[in-house]
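K.L.:
Structure incoming, see below.
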Amino acid sequence: MISIEKKNQIKIAADIIKKGGVVAFPTETVYGLGADAFNPNAVEKIFELKKRPIFDPLIVHLYSIDQLEIVCTEVDNRVYDLAEKFWPGPLTIVLKKNNKIPDIVTSGLNTVGVRIPDNDIARELIKLSETAIAAPSANKFGRISPTKAEHVQKYFSEVDFILNGGNTKVGIESTIIFLNEKGFEILRYGAITKEELEKVIPYCEIKIDQKKLLSPGMLKSHYSPRKPFYILNDSILNKIDKSKSGLISFTGKYDDGFKRVITLSKNQDLRECAINLFSAMHSLEDSDVENIIAEPVPEKGIGIAIMDRLKKAAFYYMNDFADNKLNT
Ligand code: AMP
Ligand code: MG
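Throughout, this note's numbering is defined as the position within the sequence shown, counted from one, plus 29.
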């Protein structure tokens with residue numbers, strides 16, 4: 030249920046979208062920075078605000094499956110099977126685009142990534158805006174994704190409106206899939222696992238080297254804090270000064286001696302880890318520690334998506350570390 034006060038705020042935000050403005054809003058994954066998907070000038074503002082390169086396409090958000098035909102063409106039945114199970118929810122499906130969607134949204138691709146978010150505020154916003162909303166995460170390009178309105182504020186003072194929906198309930202981005210003749214392949218691991226998807230349609234991986242063409246915005250470095258960020262291993266433990274470092278803890282085994290410790294889930298529940306991950310990274314980025322170390326989690330289920338975020342966040346720093354450039 031959306032309160033009357035919140036509904037009024039959503040109306041104001043929808044008017045801004047209708048007039049070609051940019052609004053930050055909650056989804057179940059992370060906060061998004063949204064604009065009218067059919068208005069290229071409005072979408073361009075998102076790229077400028079985020080400093081996002083134009084080769085990195087945006088996901089288009091719908092409030093209902095009835096909107097599918099306004100953004101894409103040639104929707105086969107498998108999409109409806111997936112939608113029945115996973116929408117609203119953190120699954121993005123890459124489909125053939127309708128030519129009313131401007132090129133800036135899809136970085137010139139003839140496909141568009143589409144999803145229906147599992148968040149009442151997001152869907153109400155899209156509905157009242159009477160359009161589809163193109164939205165990447167509401168952070169500066171390459172930085173940590175926002176899971177609460179305060180994180181969005183940290184990055185953007187110039188956004189027309191920020192709708193506050195509290196903490197996001199999933200905490201990491203959607204799983205992005207592409208359908209080939211035989212089944213689905215995963216362009217980005219996310220909140221919905223491969224095993225969950227396989228219950229609906231078969232998994233069928235095409236050649237890895239085609240991935241870059243299918244999904245141009247996937248970079249090795251992403252989700253990065255402003256401080257040196259490492260995935261815990263023996264050599265890092267030996268070299269860093271724990272008394273100046275923050276730990277994102279999973280098992281609790283390594284907590285002693287760190288200046289700050291944030292435990293992702295007391296029961297080592299991977300879904301709870303995902304919910305708390307970006308918030309932990311923000312807290313340590315904003316704290317007095319010099320380095321941030323994250324304990325790896327098991328690469329199974331949603332743990333694959335969590336490790337993907339950690340590896341991307343650590344990408345430059347781990348390479349620096351290999352070159353002995355760590356400053357302790
Ligand atoms: P985000 O920045 O989390 O909103 O995710 C957007 C990502 O979705 C991009 O970096 C792309 O890799 C992927 N994506 C969006 N649209 C498409 C598309 N049409 N085809 C393939 N991947 C897409
Ligand atoms: Mg993002």
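We treat Cβ as the ideally placed atom computed from N, Cα and C, and that holds for glycine.
Take every Cβ of the stretch 198-205, pair it with every Cβ of the stretch 112-127, and state whether three or more of those distances are shorter than 8 Å.
P.N.:
The stretch 198-205 vs the stretch 112-127: in contact.
K.L.:
Check each candidate in 329, 76, 346 and name the one with the smallest Cα separation from residue 249.
P.N.:
The shortest Cα separation from residue 249 among 329, 76, 346 belongs to 346.
K.L.:
Confirm the yes/no value for this check: CB of residue 165, any heavy atom of the ligand MG, distance under 7 Å.
P.N.:
Correct: residue 165 has its Cβ closer than 7 Å to the ligand MG.
K.L.:
Report yes if the CB atom of residue 87 is closer than 8 Å to the CB atom of residue 72, and no otherwise.
P.N.:
Against a cut-off of 8 Å, the Cβ pair of residue 72 and residue 87 comes out as a contact.
K.L.:
So who's on the other strand from residue 264, going by DSSP bridges?
P.N.:
Answer by DSSP bridge pairing: none, since residue 264 is not bridged.
K.L.:
Is residue 203 near the ligand MG, judged by its Cβ being under 7 Å from some heavy atom?
P.N.:
Result no, Cβ not under 7 Å from the ligand MG.
K.L.:
Mind pulling the alpha helix (DSSP H) runs of 4 or more residues that sit fully within the stretch 255-328?
P.N.:
Runs found: 263-268, 299-314.
K.L.:
Should residue 126 go down as buried or exposed, given a rule of 16 or more other Cβ atoms within 10 Å for buried?
P.N.:
Result: buried.
K.L.:
Suppose you measure from the CA of residue 129 to the CA of residue 217; what does that come to, to the nearest Å?
P.N.:
Distance between the alpha carbons of residue 129 and residue 217: 26 Å.
K.L.:
Name the residue from 344, 151, 297 whose alpha carbon lies nearest to the alpha carbon of residue 256.
P.N.:
Nearest option by C-alpha distance: 344.
K.L.:
Mapping the DSSP letters down to three states, classify residue 180 as helix, strand or coil.
P.N.:
In this structure, residue 180 counts as helix in the three-state DSSP scheme.
K.L.:
Considering only residues of the same chain and omitting the five flanking positions on each side of residue 139, which have a CB-CB separation below 8 Å?
P.N.:
Cβ within range, chain order: 125, 126.
K.L.:
From 165, 195, 307, 290, pick the residue whose C-alpha is nearest to that of residue 51; which is it?
P.N.:
The option with the nearest alpha carbon to residue 51 is 165.
K.L.:
Hey, quick one: how far does the alpha helix (DSSP H) through residue 115 stretch, first residue to last?
P.N.:
That run of the alpha helix (DSSP H) goes 106-115.
K.L.:
Does the stretch 173-191 come close enough to the stretch 213-233 that 3 or more CB-CB pairs lie under 8 Å?
P.N.:
Verdict: no, contact absent.
K.L.:
With a 10 Å radius around its C-beta and 16 neighbouring C-beta atoms as the bar for buried, classify residue 337 as buried or exposed.
P.N.:
It counts as buried.
K.L.:
Of the residues 142, 276, 49, which one's Cα is nearest the Cα of residue 205?
P.N.:
Measuring from the Cα of residue 205, the nearest candidate turns out to be 142.
K.L.:
Closer than 8 Å by C-beta to residue 273: which residues in its own chain qualify, once you throw out the five before and the five after it? Chain order, please.
P.N.:
If we look at residue 273 and ignore the five residues flanking it on each side, its Cβ neighbours are 288, 318, 319, 320, 357.
K.L.:
According to DSSP, is residue 250 helix, strand or coil?
P.N.:
It is coil, neither helix nor strand.
K.L.:
At a cut-off of 7 Å, is residue 174 close to the ligand MG when judged by its beta-carbon and the heavy atoms of the ligand?
P.N.:
Residue 174 Cβ: within cutoff of the ligand MG.
K.L.:
For residue 355, does the three-state DSSP call read helix, strand or coil?
P.N.:
Because residue 355 carries a pLDDT of 45, less than 50, the predicted location of this residue cannot be relied on, and no value is offered for it.
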